[in-house]
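K.L.:
Counting from 1, one number per residue, gives the positions in the sequence shown under the numbering used here.
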Amino acid sequence: MTRLEGPALRLTVLVGERDTWHHRPLYTEIVHRAHEAGLAGASVFRGIEGFGASSLVHTTRLLSLGDDLPVAVLIVDTEERVRAFLPRLEELVSDDLVILEACEVVHYAGGGGATEPHEPPTGSHPPASQEPPE
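As structure tokens, this is what we get:
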């Protein structure tokens with residue numbers, strides 16, 4: 001399990017939904033490379049509207065259902081590990097936007113296993129009963 005807490009670096013790669021790498025979605029290739037590199041985690045978020053260097057607005061509105069929507073791949077890990085990963089992106093993202101931002105990890109529950117439920121804060125109300133009133 002990768003432990004991650006405190007100062008970190010967030011890598012955001014903005015690509016088009018239709019972008020591919022060897023007949024595979026580009027965002028999928030980025031996530032798999034991040035996993036192979038042992039990074040703490042990666043997530044993909046699909047945008048509903050946006051534009052980039054082409055200045056064409058891409059949207060999910062009804063008349064644009066087949067549009068090439070923006071996709072953001074977010075990766076967070078230590079600065080050293082993220083910077084070591086950057087060369088693995090170079091051949092993939094020639095026309096895309098890559099952003100690095102300093103951040104702080106305040107909680108990361110890695111490991112994939114179930115965690116114990118958190119105790120409610122002192123003074124909080126117990127959960128409402130699920131039984132119907134009489």
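Even glycine gets a Cβ: it sits at the ideal position worked out from N, Cα and C. These numbers were taken from a predicted model, which means no experiment stands behind them.
Can you tell me where the beta strand (DSSP E) holding residue 12 begins and where it ends?
P.N.:
Here the beta strand (DSSP E) through residue 12 covers 6 to 16.
K.L.:
Taking Cβ positions only, does residue 95 come closer than 8 Å to chain D?
P.N.:
Absent here is chain D; the protein component of the structure consists of one chain.
K.L.:
Just to confirm my understanding: we take residue 17, look at its own chain, exclude 5 residues before and 5 after, and list those with CB closer than 6 Å. What are they?
P.N.:
The answer, listed in chain order, is 68, 69 and 71.
K.L.:
Buried or exposed, going by whether 16 or more other CB atoms sit within 10 Å of the CB of residue 81?
P.N.:
With 16 or more Cβ atoms within 10 Å of its Cβ, residue 81 is classed as buried.
K.L.:
Starting from residue 98 and walking both ways along the beta strand (DSSP E), at which residues does that stretch end?
P.N.:
Unbroken beta strand (DSSP E) run through residue 98: 97 to 105.
K.L.:
Comparing alpha-carbon positions, which option in 98, 107 and 108 lies nearest residue 13?
P.N.:
Nearest option by C-alpha distance: 98.
K.L.:
Using only the alpha-carbon positions, how far apart do residue 84 and residue 15 sit?
P.N.:
In a straight line, the C-alpha of residue 84 is about 21 Å away from that of residue 15.
K.L.:
With distances taken from CA atoms, which of 3, 11 and 36 is nearest residue 93?
P.N.:
Nearest of 3, 11 and 36 to residue 93, Cα basis: 11.
K.L.:
To the nearest angstrom, how far is it from the Cα of residue 79 to the Cα of residue 46?
P.N.:
Rounded to the nearest angstrom, the two C-alpha atoms are 25 Å apart.
K.L.:
Once the 5 residues before and after residue 104 are set aside, which same chain residues still bring their CB inside 8 Å of it?
P.N.:
Hits under 8 Å: 6, 7 and 8.
K.L.:
Check for me: the beta strand (DSSP E) holding residue 147 runs from which residue to which?
P.N.:
It is not possible to answer for residue 147, since the shown part of the chain is limited to 1 through 134.
K.L.:
Output yes or no for whether 8 Å exceeds the beta carbon distance between residue 73 and residue 37.
P.N.:
Cβ atoms of residue 73 and residue 37: not closer than 8 Å.
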